[in-house]
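Q:
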Amino acid sequence: MVISLQKVYRDLKNTLSREIEGADFEAREIVRAVFGVSNTDLLLGREAELDEGRRERLAELAARRLRHEPLQYLLGEWDFYGRTFAVGEGVLIPRADTETLVERALDFLKGRPAPTVLDLCAGTGCIGVTLAAERPDAEVWAVEKSEAAWQYFCRNNASYGGRVHGLLADALEPPAALPARFDLIVSNPPYLTAEEMAELQPEVAKEPAMALDGGIDGLFFYRALTKAYAGRLGPGGMLAYEIGMGQEGQVSEILHNSGLDFICQTPDLHGIIRVVTAKNKFSSK
Ligand code: GLN
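Going by our numbering, 213 is the number at position 221 of the sequence shown; the sequence numbering is gapless.
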């Protein structure tokens, strides 16, 4: 039967608003995905065929969302830095916060031809794949430990030319296949504290704990990764971490204690310090 997209959207919004904040936006995203239409189609009051398949799909997605499955998992993809990444159960959803890390990285790489870059705890690959796409002259490596996340990494890497050398391995023990030196090492490691892990929003609780849990004080990976990789920065090379709110003091200290220098903190769009970077001391810059 032919039905008004506006009506489908309104009904879905009403259903979702029982449980979900921002039901407005989410209902629109789901209708767009199920009917393969644009926001304009919705705004212009267009009609579409509501067949049995679409009816079932709508009902299924509404039910899953009411159980607090993240919208991004339902859609199966999410945008990051202007590109679309495959996401789903078992992998951390790319977040706008992380674009701050990408911007900082790209800034650093300006004027450095053919840089060698490493992305640790790569997840969907949103950081490494973006850097490789933005800098076709870069040699980018990525390490991810989770088999589930790895499937998404491979799909996303393939979607954007397969330029990243991915390794399914534990970043805490630098894989032998990695180059000896990097110009830039980036990571958005798990950084939530035990206290934060105990009170996750229901949606975040559906994301892999392995991508969130940073140990008791949230700093486990900053200590371990800095210890394992600070010595692998080339002259003037930079290590760049995404951090959780309020972690800048402690992460800066970890970087400083490892012998790195030129420590710099960068805020995200909300003014929260989101990225901490440090450079190899034997630097010309
Ligand atoms: N940004 C995520 C959150 O706040 C955490 C991701 C991470 O630990 N790297 O839920």
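In this text, a Cβ means the ideal position worked out from N, Cα and C, and glycines have one as well.
Does DSSP put residue 233 in a helix, a strand or coil?
A: strand
Q: Cβ of residue 196 within 7 Å of any heavy atom in ligand 1?
A: yes
Q: Would you check if the distance between the CB atom of residue 174 and the CB atom of residue 109 is smaller than 8 Å?
A: Closer than 8 Å, so yes.
Q: Relative to the C-alpha of residue 149, which residue among 182, 189, 133 and 38 is closest?
A: 133
Q: Which first and last residues belong to the beta strand (DSSP E) in which residue 10 is found?
A: Element bounds for residue 10: n/a, residue is neither H nor E.
Q: The beta strand (DSSP E) with residue 109 in it runs from where to where?
A: 108 to 112
Q: Mind checking which residues open and close the alpha helix (DSSP H) that includes residue 143?
A: 139 to 151
Q: Who are the Cβ neighbours of residue 203 in its own chain at under 8 Å, not counting the five residues just before and after it?
A: Excluding sequence neighbours, residue 203 sits near 83, 84, 113, 115, 138, 141 and 182.
Q: Under 8 Å, with one C-beta from each stretch per pair, do the region 201 to 220 and the region 146 to 161 reach the 3-pair mark?
A: As far as the Cβ criterion goes, the region 201 to 220 does not touch the region 146 to 161, which means the pair count is below three.
Q: If you reduce the DSSP assignment to three classes, tell me which class residue 205 lands in.
A: Reduced to three states, the DSSP call for residue 205 is strand.
Q: Please determine, among 12, 35, 38 and 31, the residue with the shortest C-alpha to C-alpha distance to residue 63.
A: Nearest of 12, 35, 38 and 31 to residue 63, Cα basis: 12.
Q: Name the one or two DSSP bridge partners that residue 157 has.
A: 133
Q: Quick check: the region 120 to 134 against the region 185 to 193, are there 3 or more CB pairs under 8 Å?
A: These segments do not touch.
Q: By a C-beta neighbour count over all protein chains shown, 10 Å radius and 16 as the cutoff for buried, is residue 230 buried or exposed?
A: By the 10 Å Cβ count, residue 230 comes out buried.
Q: Here's the rule I'm using: 16 or more other beta-carbon atoms within 10 Å means buried, otherwise exposed. How should residue 31 be labelled?
A: exposed
Q: Where does residue 276 land, buried or exposed, given buried means 16+ other C-beta within 10 angstroms?
A: Unreliable placement is indicated for residue 276, whose pLDDT of 47 sits below 50; the coordinate value is still reported in the next sentence. So residue 276 counts as exposed.
Q: Quick one: measure Cβ to Cβ for residue 247 and residue 218, integer angstroms, because I've assumed they're closer than 8 Å.
A: 6 Å
Q: Quick check on the DSSP output: what are the complete alpha helix (DSSP H) runs of length 4 or more inside the region 52 to 102, in order along the chain?
A: 63 to 67 and 91 to 101
Q: Under a three-way DSSP split, which group does residue 264 fall into?
A: coil
Q: For residue 258, report the span of its alpha helix (DSSP H) as first-last.
A: Premise fails: residue 258 lies in the beta strand (DSSP E), 253 to 259, not in any alpha helix (DSSP H).
Q: Specify whether the region 52 to 63 and the region 231 to 250 touch according to this definition: at least 3 beta carbon pairs, one from each stretch, less than 8 Å apart.
A: no
Q: Which residues, in chain order, sit with a beta-carbon under 7 Å away from any heavy atom of ligand 1?
A: Near ligand 1, residues with a Cβ at less than 7 Å from any of the ligand's heavy atoms are 84, 87, 89, 180, 181, 182, 183, 184, 196, 203, 204, 206, 234 and 236; the list follows chain order.
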